[in-house]
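The sequence shown begins at 794 in the working numbering and counts up one residue at a time.
For reference, the structure discussed in these notes is given below.
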Amino acid sequence: MKSNSITESESRLAPWRRLLPSLALSAALISGVSLAAPPVDLSPVPARPKASALSPGWEHGAFMEIFVRGYQDSDGDGVGDLRGLIQRLDYLKDLGISGIWLMPITASADHDHGYATTDFRRIEPQYGSLRDFDELIRQAHRRGIGVIIDYVINHASHEHPLFQQALKDRRSPYRDWFVWQDPAPEGWDIWGKNPWTTATKASDGSNLGAYFGTFGPHMPDFNLRHPAVLDYHRSSLRFWLNRGLDGFRLDAVPHLIENNAVDWNDQPESRRLSRELQALIKQYPRRHVVCEATANPQQYASPEVCGSAFAFGLEAQMIKAARGEAAAVGEIARILSQAPSTMANVLANHDIFAGARVWDQLAGDEARYKLAAASYLLAPGTPFIYYGEEIGMAGVSQLPGDEPLRAPMSWTADISGFTSSATPYRPLSPNAASHNAGAQARDPGSLLNFYKAMITLRRQLPSIARGSFIQARAEAQVLSFQRRLGDELSLVLINYGEQAATQAVSGLPAGALLQQAYPKTAAQASLGSDAQGQALLRVPAQSVQVWRLDLPQKGRP
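This is the structure in structure tokens:
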């Protein structure tokens, strides 16, 4: 079991939860880091695009975000690894997953979340080898599953060999690969912290210069205005794409370039660089890019920037609506009506700023949990399920920061489903006895089987996965919207309230016949519209309905 370093959001997006030591102490520790780390590969990598092994449109299916450390241990050391993930690909295929996003799998100094990178072209040793990675790609593609990985372009670890060389020697050719000033400028404040760290030599306290780290002194920013730095990252992206990788989740893109103490977030230069990175990746057929952009995510989701970005803020409204807050239903309708269809939707992820585990946010209420899940699994955009969410995994509340979100996957009632070790890297979820993959698979009414049903709808009804968004309405606590692709029209209704409701649907062809796609019941299997193209639908309390209508060849809803 490895010791835990500072969690990502403690040094990143949730500064009020940081546990960082003082900057002076951090600087002393940094300057004392050993320089014995192996050299990194800086060689140029040419593009070698090959035909994709995946079907067209694979990126419109459901994704699973996976913390490899927490998914499956194959060698008994208490830490998940790539070989373990390969063993669980059939589970993902059975669930209906089309793509997996792996949190950082490259070598890192933190030995936990992975965002403190020490080598951008080497697999984290605890996770396996490049041979294991290549086998993962082959096995995933055999099952029709695409693989994208986190790429942390903004910063490296303070233990990165190039940063250590730059720190040791002001004349190092790698000094300008990072952002330095001497003395440290005043007036900067990023999330309540000064991003500049004055490094001192441990032996005599002499000044080594001040460097910039958006997310703390342990993760110095790259100088992404430097041509050699950009060339290195371009080559590193190609390194993985040439091995058959299907794309990237680009981390923290609004923070790639800062201009001054006021203009440090979401600068035009960051958007231009994001666009360039997307263009590089899209030189390879059927590759997918999704960006983490907490600032202006809709802008980053546009084809002119990243092509897709996470819809931060929507998840909070979906949780509120599931709790029964009527105002949130209207907010969901508003956001969905304005957002591009290229948004990536989540209920939660690995960062505490996006919320605790869904189970904890909804106090274990499975009826409300299913409403929240349907809200984003059926909405426009691409759903990203956080591992364990589909079985109702609870967070490990006694842990600090982000750690409660990153427990081992609950495959069975005890730790044996994850590892043969008696000392896993972190405790199992507290509700594993009841909410584990094995038990959930056997229960027809389980969360797991509900997720499977929603994902199946996305596969069976192309309008749900790829259709245009026609209309969103919020009446009391009922959300309704329509999706259309070609001659197929889907109607989604979600009643978050505790009372049944009657919903009037308009804009349908006169005399159209609606077929109920979910749930499959004999009581209300089909329903016709009247001469004015209206239909009245009864929606039970806390329920989800999906209806399908095949339009005439030239018909319009």
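Even for Gly, the Cβ is constructed at its ideal location relative to N, Cα and C.
Distance between residue j and residue i (C-alpha atoms, nearest Å)
i	j	result
leucine 960	leucine 1001	7 Å
leucine 828	histidine 951	Residue placement at leucine 828 is flagged as unreliable, the pLDDT there being 42, under the threshold of 50; a coordinate-derived value is accordingly withheld.
phenylalanine 1387	alanine 1137	The question about residue 1387 has no answer here: the residues shown for the chain are numbered 794 through 1350.
tryptophan 894	glycine 939	9 Å
threonine 993	tyrosine 1004	11 Å
glycine 937	arginine 924	20 Å
glutamine 1325	glutamine 1296	16 Å
glutamate 1159	glutamine 1335	11 Å
leucine 835	glutamine 1092	33 Å
serine 1209	glycine 980	52 Å
glutamate 1085	glutamine 1060	15 Å
glutamine 1270	glutamate 1291	9 Å
aspartate 975	aspartate 1039	42 Å
serine 891	tyrosine 1289	28 Å
tyrosine 920	alanine 995	33 Å
valine 1098	glutamine 1071	7 Å
glutamate 1196	proline 1010	20 Å
alanine 1094	glutamine 1264	21 Å
serine 815	leucine 1017	Note that serine 815 scores 35 on pLDDT, short of 50, meaning its location in the model is unreliable; the coordinates nonetheless yield the value given after this. Their backbone Cα atoms lie some 27 Å apart in a straight line.
proline 734	phenylalanine 1008	Outside the modelled stretch of the chain, which goes from 794 to 1350, sits residue 734, for which no answer is possible.
phenylalanine 1274	leucine 1129	9 Å
glycine 1123	proline 1133	18 Å
valine 1285	leucine 1307	12 Å
aspartate 962	arginine 968	8 Å
glycine 1148	alanine 1303	44 Å
Check whether residue i and residue j have beta carbons under 8 Å apart
i	j	result
isoleucine 879	threonine 899	no
serine 1028	valine 1046	no
arginine 1341	glutamate 1268	no
alanine 949	phenylalanine 1015	yes
glycine 1106	valine 1082	no
glycine 1037	isoleucine 930	yes
asparagine 1229	tryptophan 1204	yes
leucine 1073	isoleucine 1112	no
serine 1299	arginine 1277	no
alanine 1167	isoleucine 1287	yes
leucine 1170	alanine 855	yes
threonine 990	histidine 953	no
glycine 869	threonine 1212	yes
methionine 1247	serine 1222	no
glycine 871	threonine 1249	no
leucine 1023	leucine 1049	no
phenylalanine 1041	arginine 914	no
leucine 1344	alanine 1126	no
glutamate 1183	leucine 1140	no
Proximal residues to residue i (C-beta, below 6 Å), its chain only, five neighbours per side dropped
i	result
alanine 1258	His853 and Arg1251
glycine 873	Val861, Arg862, Gly863, Tyr864, Gln865 and Asp866
serine 845	Pro1078 and Arg1079
alanine 1322	Per the sequence presented here, residue 1322 reads as serine, with alanine not at that position. Excluding sequence neighbours, serine 1322 sits near Leu1301, Ala1305 and Ala1328.
histidine 1026	Ile946
Neighbour-count burial assignment, residue i, 16 or more Cβ in a 10 Å radius
i	result
valine 1055	exposed
arginine 1199	buried
proline 1333	exposed
glutamine 1110	buried
proline 1013	buried
proline 775	There is no way to answer for residue 775, as the model of the chain reaches only from 794 to 1350.
asparagine 1053	exposed
alanine 817	Reliability fails at alanine 817, whose pLDDT of 40 lies under 50, so the model's placement of it is uncertain and the value that follows must be treated cautiously. Counting Cβ neighbours within 10 Å, alanine 817 comes out exposed, since fewer than 16 surround it.
glycine 985	exposed
serine 1283	buried
lysine 1163	buried
aspartate 997	exposed
valine 1339	buried
aspartate 1236	exposed
glycine 1174	buried
threonine 1216	exposed
aspartate 883	exposed
Contact test: residue i Cβ vs the ligand PLP heavy atom, cutoff 7 Å
i	result
tryptophan 851	Ligands are entirely absent from the displayed structure, and the ligand PLP is therefore not among its contents.
Minimum Cβ-Cβ distance from residue i to chain B less than 8 Å
i	result
alanine 1119	Looking for chain B here will not work: only one protein chain is present.
Residues near residue i by beta carbon distance below 8 Å, same chain, minus five either side
i	result
alanine 1088	Pro1047, Asn1058 and Asp1059
proline 842	Leu1034, Gln1076, Tyr1077 and Pro1078
Cβ-based neighbour list, residue i, same chain, cut-off 7 Å, excluding 5 preceding and 5 following
i	result
aspartate 912	Val833, Thr899 and Ala900
histidine 934	Ala846 and Leu847
Could I get the ranges of all uninterrupted beta strand (DSSP E) runs contained in the segment 1014–1053, with 3 residues as the minimum, in chain order?
Segments of the beta strand (DSSP E) lying fully in the segment 1014–1053: 1040–1043.
Alpha helix (DSSP H) segments (min. 4 residues) lying fully within the segment 1070–1136:
Taken in chain order, the complete alpha helix (DSSP H) segments of 4 or more residues contained in the segment 1070–1136 are 1090–1093, 1107–1116 and 1119–1131.
Any beta strand (DSSP E) of 3 or more consecutive residues that is wholly inside the segment 943–994
The segment 943–994 contains these whole beta strand (DSSP E) runs: 989–993.
What are the uninterrupted segments assigned as beta strand (DSSP E) that are 3 or more residues long and contained completely in the segment 864–944, given in chain order?
Within the segment 864–944, the beta strand (DSSP E) runs of at least 3 residues that lie entirely inside it are, in chain order, 890–895, 899–901, 910–916 and 939–944.
Can you list, in chain order, the stretches of the alpha helix (DSSP H) that have 4 or more residues and sit fully within the segment 1149–1188?
Correct list: 1151–1154 and 1159–1170.
Beta strand (DSSP E) segments (min. 3 residues) lying fully within the segment 1262–1326
1271–1278, 1281–1288, 1294–1298, 1306–1311 and 1319–1321, all fully within the segment 1262–1326.
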